[in-house]
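Q:
There are 4 protein chains.
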Amino acid sequence: MVRVAIVGASGYTALELIKILLRHPQVKITAVTSRQDGSPPIATVHPSLTGRLDLRCEDLSPEQIAERADVAFACLPHGASTAVIPKILAAGCKVIDLSADYRLSDPAVYEQWYGEVHTDPTRLGSTVYGLPELFASKIPGSELIANPGCYTSTSILALAPLLCAKLIEPTGIIIDAKSGVMGGGRVPKLNTLFSECNEALSAYSVGKHRHTPEIEQVLSEASRQQVQVVFTPHLIPMDRGILATIYPRLTRPATQAELLQTMRDFYQGKPFIRVVDHLPSTKDSAFTNYCDITVRFCREQLIVIACLDNLIKGASGVAVQNFNLLCGFEETTALLPA
Amino acid sequence: MVRVAIVGASGYTALELIKILLRHPQVKITAVTSRQDGSPPIATVHPSLTGRLDLRCEDLSPEQIAERADVAFACLPHGASTAVIPKILAAGCKVIDLSADYRLSDPAVYEQWYGEVHTDPTRLGSTVYGLPELFASKIPGSELIANPGCYTSTSILALAPLLCAKLIEPTGIIIDAKSGVMGGGRVPKLNTLFSECNEALSAYSVGKHRHTPEIEQVLSEASRQQVQVVFTPHLIPMDRGILATIYPRLTRPATQAELLQTMRDFYQGKPFIRVVDHLPSTKDSAFTNYCDITVRFCREQLIVIACLDNLIKGASGVAVQNFNLLCGFEETTALLPA
Amino acid sequence: MVRVAIVGASGYTALELIKILLRHPQVKITAVTSRQDGSPPIATVHPSLTGRLDLRCEDLSPEQIAERADVAFACLPHGASTAVIPKILAAGCKVIDLSADYRLSDPAVYEQWYGEVHTDPTRLGSTVYGLPELFASKIPGSELIANPGCYTSTSILALAPLLCAKLIEPTGIIIDAKSGVMGGGRVPKLNTLFSECNEALSAYSVGKHRHTPEIEQVLSEASRQQVQVVFTPHLIPMDRGILATIYPRLTRPATQAELLQTMRDFYQGKPFIRVVDHLPSTKDSAFTNYCDITVRFCREQLIVIACLDNLIKGASGVAVQNFNLLCGFEETTALLPA
Amino acid sequence: MVRVAIVGASGYTALELIKILLRHPQVKITAVTSRQDGSPPIATVHPSLTGRLDLRCEDLSPEQIAERADVAFACLPHGASTAVIPKILAAGCKVIDLSADYRLSDPAVYEQWYGEVHTDPTRLGSTVYGLPELFASKIPGSELIANPGCYTSTSILALAPLLCAKLIEPTGIIIDAKSGVMGGGRVPKLNTLFSECNEALSAYSVGKHRHTPEIEQVLSEASRQQVQVVFTPHLIPMDRGILATIYPRLTRPATQAELLQTMRDFYQGKPFIRVVDHLPSTKDSAFTNYCDITVRFCREQLIVIACLDNLIKGASGVAVQNFNLLCGFEETTALLPA
């Protein structure tokens, strides 16, 4: 059994992670941490865990975490991760980080988009980006894995096959993305109040969303060319799900059938990618680790459509997928059948 | 033209009030107040008011409010109202208070349910309770009107005709009430986050909701007997609307037709009460000042069902109805046609 | 491996059932039936099953079903079940029927509430009512199990411990029940359109909902006294979840602690019942086979609150729970960890 | 008073239209038609109209409609309009048609996109397209007005100022549009069931939505060049609202300020267009006749964002706006203050 700690357990990705890990036959959750007063039972923080996990939320030090666990999942806000992860690693515990802190490889880019100096810059260039469909081979020996962002995974999974095959231009790719509200976290804020989001639809962070450099970095690395995207996120009145409607320019004429085949070949043997013929709905992949992708044409314009559950394939599910690869378990353990 | 101030303009009831008052031919909104830094335009606080109201949110003193306005609508949280209303009144401006501060007539009951000593107790016994269907005659000369709560209005309007006719027992009345989330206000809190409320249904404040003593006081006064209710509120994943399903015990056998007729007689000439034959949906009275009521039997058990828009008939609409009566305007001005 | 058929596979309970059974290590789904033209792949009918189940929806005869499967789950509308189940049984296949057809034990009661003469009346008195928390011992040897209704299970699980302990009066029990929309099925109807249900709340079928006699029959049988309820269902704008707020009369004074303990004792060793201290939300049991129950007092009035996922614990989950008991598998197989 | 008939009164746009017209001081609704049996009261068809409109839904002939009304609003499905409108016109009654039947000017284009031969082709070239912000001058003398589609109005209002100023290329304009579900109508269909739409997000009719030729025709006419768009509609789990995120290519460098000013100049004096600085939400224009528009840049890519209420500014509100212009009333009558 692998002993696992959940660091920062009060949010939605932590809850989702716990639910998945409770189904994992090789995992024992040994610690859940948060800074709440009085070490409340986790079932008080997340009532859905009543009768399912009998642990208290403790305010543990990095050393205590490393003593209790072989692998820690860090579900902290960006900035908070770099404050504790180096110490957890130093104490001999592996870490899968769900924050954005170790995703970018260039400290200057981090500072530009996050407005803060990165406090652990030497790890940036060397940390594995945990998108198993692209980087599975790098994961097994790692001590730290940077779990991808939700918009990021959706966009990268949709575009990587076509960029790698040089079927689309690497620049000016328009990504019109739509997300459910749970991706916004569990800290009370005006813009994620029910009465603000319900029956409402708007774009936000246009031209400045922090997943932009992450998408570009990973696609550039994967396709060995400078990729540049136009990324527009929208908030949708639903709990979970991201759908990206993507408008790339073809480098040469191609048919829908040819493009779908390119995608199917690219994702051959990848258990969580479904290249589908129909127009996918977020509801079809909700509560699963699947990413559904298809392509269409409108006149000569190619449209790539991809969707996934932002809390699972976009966060906690792929974290467990990474964990499985890290520990040498079957990649689909606890994730399939969904 | 009556000059009107909105005191505490950043919340949902204030917004709703402004929208209604903008349709009122006899009203000029002359001030909107809030404690926000920098006196932002009201359209910054409420983007839906863009192009509709060109005022800034100012942090005005009670005296400044009274100088600018003939009537002030106070949309403050309970406790905050008593801090400013006496001064606004002293400065010669009438007030319609949408908070709970002046609804109860007994300071001891206030203290019991709100956990604070009332700081303006002498006004408690003498303030008009602004439910025009019951107390219209008392409103015209008032300087201060206590606007009713949303659950309260729904429950009272459903029960008053039957209690006054002594058709139902005054005690043990079960009120199973369901409310949309906007009634919970616009201050960020965990329990009104989209991701907590959406796709969720639960009871809350069971046995201790503060509208309980208000319902009992007003129904007791209206029917001249000691009324006692069992009140259970539930939170429903929708913006607006309250529906109360009420289970009273009949004092003598009666038919559905007889009870409906009693209600229709009671509300004869009341423009906002619709005693209907069908089972009403909150959607049918949403965005209007109507309250829909019907009765049914399940075996011998009487069931009274009432619903209204908690932001309008349950708050800002009835406030304007009170305002119309106070100022001698047609009761339906700015409210009908809806 | 047990070979399983899903009869009537195009609806929501069938979809949910398939998803659960795909996680069952002892089950092979060998047939899915529907009357759709052209035997479409099940993934065309339910796109979420893409890549998860490679079967076509076939229009099979009862004999063909029995040839392919050891156990058939019937997900047909009431009335349709009695047309095929006797033939499936006659051909040697066991059946778990999710319709209402075999739940009532008296053909006259069936006719009164369903408006049709029952065509297989001899089986009514002898069919096991598949609520395992009450009737687990009767399930193993059965050839036919009547799977309970969703409102029914919620109400029965909430009330059985207190009725059996004679702590509450058996008559006049008010059940104010609220349900998500998926319980209304997948056949297009005006009253389950998005634009009718969304942002709407209403009671329906007041005094005449067909789960009423079912609740009364089972509770009467379980507590050996004539139980009579007042049942009021409401439609809530959310996909799944039922919450029942129940107002029984105590037979003698009792405390909240005593009543909770009575419930905990009653459900000792039952893995899917969580007697909780907090006020449960439907979201906490959504997508699980749990039923959460608590009690509260409002003055002297006892309030019992219970909730569950109407598609799982209220339909397909309990069907698998019944299947497990029928086949001698661990009761929680494919259902826990949730 | 202008006597008005609503032809095809059972749907959502008809309901919305009735609500607006009830506020119109110069209108008397004299007939509401539908094919329902038994001439039910309109309040039976639309319970929200209880106490507000005392008419029965009658199955009237075109001649009867023309006898009762000066202006008829046709809220029929496409194809059904052409069957009755010529006869209503022939009988001397003016018509505002909310269907798609008279929007396109070329019968061949109609046939290509709607799959049917147009049965009244001679009127196609000559019917006014009722988008008052562009064609107000043509409306007054008309006998027939083709009311625009909802996606169409959103797209045209967003793009017309920039196309007319030749600031953007006329081809390859990507319109990623998102719509609430009420636009899908009130006829029960699988894809507009609550349980299909709620918590779901998908694109639909990609490359073949019928508003495509309408957008292109009107923008081409308005800007006197051949406009060609890539139009992708999405269904959003909310009642009302359309938001279009549009990606045009600039013909020359321009700033956000310059583009906003171009828009403000273009819509000078147009009471329903709000060119805003903030990112608009559909909720801010919901239940109003406003269209909110802004522009942003993401790197060099221009993004135009527009939204409106698809039932009001996208259908019934603009229909009344057209009606006002047709009859010589103030354009904003019954529409502002909203």
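Protein chains in written order, with this note's numbering: chain A, 239 to 576; chain B, 239 to 576; chain C, 239 to 576; chain D, 239 to 576.
Even glycine gets a Cβ: it sits at the ideal position worked out from N, Cα and C.
Any Cβ of chain B within less than 8 angstroms of the Cβ of I258/C?
A: no
Q: Kindly list, in the order they appear in chain A, the residues whose Cβ is closer than 9 angstroms to that of F535/D.
A: V444 and G445
Q: Quick check on the DSSP output: what are the complete alpha helix (DSSP H) runs of length 4 or more inside the region 239-295 of chain B, in order along the chain?
A: 250-260 and 280-283
Q: Under 8 angstroms between the Cβ atoms of D297/B and T271/B?
A: The Cβ atoms of D297/B and T271/B sit closer than 8 angstroms to each other.
Q: In the region 418-443 of chain A, which residues sit with their C-beta less than 8 angstroms from some C-beta in chain B, listed in chain order?
A: V419, M420, G422, R424, P426, K427, L428, T430, L431, F432, S433, E434, C435, N436 and E437
Q: Going by beta-carbon coordinates alone, are P386/A and G363/A separated by less than 8 angstroms?
A: For P386/A and G363/A, no; Cβs fall outside 8 angstroms.
Q: Let me check one thing: in DSSP terms, what residues is V533/A bridge-paired to?
A: V542/A
Q: Going by the beta-carbon positions, is the gap between L397/B and I480/B smaller than 8 angstroms?
A: Their beta carbons are not under 8 angstroms apart, which means L397/B does not touch I480/B by this criterion.
Q: Can you grab the Cα-Cα spacing for the pair P518/B / S417/B, in whole Å?
A: 15 angstroms
Q: Could you work out which residue in T526/D, Y352/D, Q506/D and R424/D is closest to H449/D when comparing CA atoms only?
A: Y352/D
Q: How would you list, in chain order, the residues of chain C whose beta-carbon sits under 8 angstroms from the beta-carbon of Y389/D?
A: By Cβ distance, chain C contributes nothing, its closest Cβ being about 17 angstroms from Y389/D, past 8 angstroms.
Q: Just tell me which of D503/C, E434/C, D515/C and Q455/C has its CA closest to the CA of D477/D.
A: E434/C
Q: Consider the Cβ of Y250/D: report whether some Cβ of chain A lies at a distance smaller than 8 angstroms.
A: For Y250/D, the answer is no, since every Cβ of chain A falls outside 8 angstroms of its Cβ.
Q: Closer than 8 angstroms, CB to CB, is D358/C near chain D or not?
A: It does not: the Cβ of D358/C has no partner Cβ on chain D nearer than 8 angstroms.
Q: Just to confirm, is the Cβ distance from L400/A to L253/A under 8 angstroms?
A: Result no, Cβ atoms of L400/A and L253/A do not sit closer than 8 angstroms.
Q: Once you ignore the five residues that flank A329/B on each side, which residues in its own chain have a CB closer than 8 angstroms to its CB?
A: P300, E301, I303, A304 and E305
Q: If the criterion is Cβ atoms closer than 8 angstroms, does the pair Y528/D and M420/D meet it?
A: no
Q: Could you check where the beta strand (DSSP E) with F311/C kicks off and where it finishes?
A: V309 to A312
Q: Which residues, in order along the region 469-488 of chain B, keep a beta-carbon less than 8 angstroms from a beta-carbon of chain A?
A: P475, M476 and D477
Q: Tell me whether H472/A sits in a helix, a strand or coil according to DSSP, three-state version.
A: In this structure, DSSP gives H472/A an extended state, which the three-state scheme calls strand.
Q: Just to confirm before moving on: does the CB-CB distance between Y442/D and L473/D stay below 8 angstroms?
A: In this structure, Y442/D places its C-beta atom within 8 angstroms of the C-beta atom of L473/D.
Q: Name the chain C residues whose beta carbon is nearer than 8 angstroms to that of P278/B?
A: Correct list: empty, because the minimum Cβ distance to chain C is about 29 angstroms.
Q: Please list, in chain order, all residues of the same chain as T470/C whose beta carbon is under 6 angstroms from its beta carbon, the five residues on each side excluded.
A: D414, A441 and V444
Q: Please classify M626/C as buried or exposed, where buried requires at least 16 other C-beta atoms within 10 Å of its C-beta.
A: This structure cannot speak to residue 626/C, because chain C is shown only from 239 to 576.
Q: Alpha carbons only, please: which of S375/C, V456/C, T430/C and K446/C is nearest the one belonging to P408/C?
A: V456/C
Q: Here's a check: name, in chain order, each residue in its chain whose Cβ is nearer than 6 angstroms to the Cβ of K325/C, leaving out the five neighbours to either side.
A: P300
Q: Between the Cα of A310/A and those of A572/A, P575/A, Q463/A and A557/A, spot the shortest distance and give me the residue it belongs to.
A: A557/A
Q: Here's a check: name, in chain order, each residue in its chain whose Cβ is nearer than 7 angstroms to the Cβ of T489/C, leaving out the five neighbours to either side.
A: K404, L405, I406 and E407
Q: My output table needs one value for R512/D: the three-state DSSP class, helix, strand or coil.
A: In this structure, R512/D counts as strand in the three-state DSSP scheme.
Q: When the Cα atoms are used, what is the spatial distance from S523/A to A312/A?
A: 25 angstroms
Q: Is G422/B buried or exposed, if buried means 16 or more other CB atoms sit within 10 Å of its CB?
A: Result: buried.
Q: So for T365/B, helix, strand or coil by DSSP?
A: coil
Q: If you reduce the DSSP assignment to three classes, tell me which class C485/B lands in.
A: The question names Cys, yet the displayed sequence has Tyr at residue 485/B. Reduced to three states, the DSSP call for Y485/B is strand.
Q: Whole angstroms are fine: how far does the CA of T532/D sit from the CA of Q559/A?
A: 41 angstroms
Q: Under the three-state reduction of DSSP, which class applies to S461/B: helix, strand or coil?
A: helix
Q: With 16 as the cutoff for other CB atoms within 10 Å, does S380/A come out buried or exposed?
A: S380/A comes out buried.
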